[in-house]
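What follows is one structure encoded as structure tokens, with my remarks underneath.
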Amino acid sequence: MPLESLLFPKAIGVRYVDTAVAGEDLPPADRYVVKIDSPDAPHRARLGLVKLGVAAADVVETCAELLARAGELELTGARAVIQPQLAHQGEIAVGAVRDPPYGPALLIGPGGSRVPGRSREPSPTRPAAVHSGVRCGAGPARRARRGGTGARRTRHQPAAADGRRRARRRRLAHRRIGGSKTDTAEHNPLDKRRPTQVVAPGIYQLGLQGNSFIVETEQGLLVVDTGPSPDLVPDALADLRQHTDAPIRWIVYSHGHMGYNYGVPGFLADAERRGDPRPTIIAHENVVRRYRRYAETGGLQAHLNSMQFRRAKAAFPAVPPQTFPDQTYAESLTLGTTGRVVQLLWAPSETDDVTAVWLPQERILYGSAAVIESLPNIGTPLRTLRDPVRWADTLDRFAALDPAVVVPEWGKPRREQVREMLTGTARALRWLRAEVVARLNKGMVVGEILHDLDYPAELFDEPWMAETYGHRDFVVCDIVRAETGWWDFNPTNLHPSHPDVAAAAVAGAIADQAAVLARARELRDAGEVQQALHVIDLLALAPGDEPEIVEARELKAELCELRAKQASSYVSRSLYRV
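First residue of the sequence shown: 1, per the UniProt record's numbering; consecutive thereafter.
Put into structure tokens, the structure is as follows:
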């Protein structure tokens, strides 16, 4: 694995470095740790600047990813540090390193690269460009290739444009919608841990992966969700202990999605260290089924998550570090025998295993994955079916509780327009279902339905319906998929040829391939980027490395980047850049 030339973010004062280090310079290990070393980043894990379990083939890509993250955070003096991973680090078991000592294998940053026993100065003659081995905007070209064996697009990217993109990401990350902080299209929802906030006396939210919701009772603390890693737990608990020193009595899973409760071992270890009884882990009964499915499809889930959240596949363990619950429930469960009453409520919505928390005395509702302060992410392209009517039913049940405060899965507690947010979102979902079904009954197909709907402003122009993560098109597609299955009603696709064979046949049938390229560019220049994508696929999907095919892939990569910039949904932007 040659570590080839990298361009580091100028925004953090790191100059171009020619590493040109051969693969044998890495000490032999099964996995590596990649982290950012900077005086501005003492809590690297909390800032998302440490990756464990990185395969050798992914080291360069991970360095670039973390340095880009450092650029977004405007850290100074940042450099990537690569070390062999020891067996006790994180959840991933690795083999013994055969070549101690365990110091850094490579330091990348100001002053060039350093390898034990070797020094190399930066080359003054090499151009400051990103070369192969680092994914910086190269994703769309890889996707455009789709199974071909030809060359990928050249991965050159102007530093000034790269800096402008980072600056735009920072601006978007601080945008507020409707008084609540939501995930903007450029904000990675996995990237951030936030300090403890007091919702009400004895009631807290702690930002790990989403909002961890914490309630003090006479029997001890109830903690909803433990975060994406045990590495984050010590800082999180130290922050929480500034507000309460009560033992943790229950750990409750908000739902079964990956990452929300990988921090359980850290919480259990803390209880043992303090001499407290082991907390009881509680979840809805459907979490067990989901966990078993994730264990079976771990490799697939890692691949899907790497696309959706723009991270190296190595960042997502193929064997999820899941801790199964000690106790499950079906409809509801009341915790605590005296003092504050805590009710766990089944709240099917984003998943069929969501648990909400209702505090009737305070009229405070933790909405869990059912309340996300943006358009519900039904129909996410890489996920299983999500029922909009079921989600709407849950929101209506929430509204019937008449909560004074709702704590969403992400963002700040909502204290105003609570009922309007809950019932308005439910009405919008029911409207979508009714309108899509009405058009299906007329024989329309999904492409026609998407362009026939006229969305009423009174339902969709509210701040809690912002398309910052999900998108209304996704909801439409999921409703169609639920009612009609996978077939797109085109007989060609009923028993299709292999994608490479079909694409090669289409490209071979085009006598003037240059005309296809020219037409796609005409559409692009006219602002019709989506139409240009349809045209360029006539060539871009074909295998091989003929000049016109390679040019088509490069043009498709450019078009995908333009579409990503046009998209409001974080998921859309991610998938355009895969």
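Idealized CB from N, CA, C, for every residue including glycine.
Kindly give me the distance between the Cβ atoms of residue i and residue j, rounded to whole angstroms, as I take these residues to be in contact under 8 Å.
i      : j      : result
ILE364 : VAL405 : 5 Å
TYR32  : VAL54  : 5 Å
GLN531 : LEU538 : The Cβ separation is near 12 Å, so there is no contact.
THR394 : SER349 : 5 Å
VAL224 : TYR366 : 6 Å
VAL81  : ASP30  : With 8 Å as the limit, VAL81 and ASP30 do not qualify as a contact, their Cβ atoms being about 18 Å apart.
GLY470 : VAL571 : 7 Å
ARG414 : PRO408 : 7 Å
ALA428 : PHE460 : 6 Å
LEU575 : VAL529 : Not confirmed; about 15 Å, so no contact.
Which class does residue i belong to by DSSP, given the choice of helix, strand or coil?
i           : result
THR76       : coil
residue 598 : With the chain running from 1 to 578 in the structure shown, residue 598 is simply not present.
ALA356      : strand
LYS565      : helix
ARG472      : helix
THR328      : strand
GLY71       : helix
SER497      : coil
LEU333      : strand
ASP37       : strand
LYS556      : helix
HIS255      : coil
GLY299      : helix
VAL319      : coil
GLU216      : strand
GLY485      : coil
ARG249      : strand
SER368      : strand
ASN441      : helix
PRO388      : helix
ILE510      : coil
ARG143      : Here ARG143 scores only 42 on pLDDT, less than 50, and its place in the model should not be relied on; the value that follows carries that caveat. Correct three-state label for ARG143: helix.
Measuring CB to CB, does residue i end up less than 8 Å from residue j?
i      : j      : result
TRP464 : SER374 : yes
LEU432 : PRO381 : no
ALA318 : ALA295 : no
ALA314 : LYS51  : yes
PRO325 : ILE372 : no
ILE536 : LYS565 : no
THR217 : LEU206 : no
GLY220 : ILE251 : no
ALA347 : GLU285 : no
ALA370 : VAL357 : no
LEU232 : TYR204 : no
GLY210 : TRP410 : yes
Going straight from the alpha carbon of residue i to that of residue j, what length do you get?
i      : j      : result
VAL34  : GLY259 : 20 Å
THR338 : VAL199 : 21 Å
GLU554 : LEU494 : 30 Å
GLY379 : ARG386 : 6 Å
PRO265 : PRO228 : 11 Å
LEU422 : THR328 : 27 Å
GLY202 : TYR291 : 32 Å
ARG135 : ALA507 : Bear in mind that the predicted position of ARG135 carries a pLDDT of just 29, short of 50, making it unreliable; the figure below should be weighed with that in mind. Their backbone Cα atoms lie some 28 Å apart in a straight line.
LEU401 : PRO360 : 8 Å
GLU435 : LEU453 : 8 Å
GLY77  : LEU49  : 14 Å
THR297 : SER306 : 14 Å
MET444 : ARG430 : 19 Å
PRO403 : ALA426 : 16 Å
ALA185 : PRO277 : For ALA185, the predicted model reports a pLDDT of 45, less than 50, meaning its position is unreliable and no value from the coordinates is stated.
ALA141 : LYS412 : With a pLDDT of only 41 at ALA141, under 50, the local geometry of the prediction cannot be trusted, and no value is derived from it.
ASP245 : TYR253 : 22 Å
VAL476 : ALA514 : 36 Å
LEU75  : ALA64  : 15 Å
LEU344 : SER368 : 11 Å
ASP512 : ALA518 : 10 Å
With a threshold of 16 other CB atoms inside 10 Å of the CB of residue i, please say whether the residue is buried or exposed.
i      : result
GLY256 : buried
ARG573 : buried
ASN261 : buried
THR334 : exposed
GLY299 : exposed
GLY485 : exposed
PRO230 : buried
GLN242 : exposed
ALA274 : The question names Ala, but residue 274 is Arg in the sequence shown. So ARG274 counts as exposed.
PRO456 : exposed
THR492 : exposed
SER497 : exposed
Any beta carbon from chain B within less than 8 Å of residue i's own beta carbon?
i      : result
GLY227 : No chain B is present in this structure, which holds just one protein chain.
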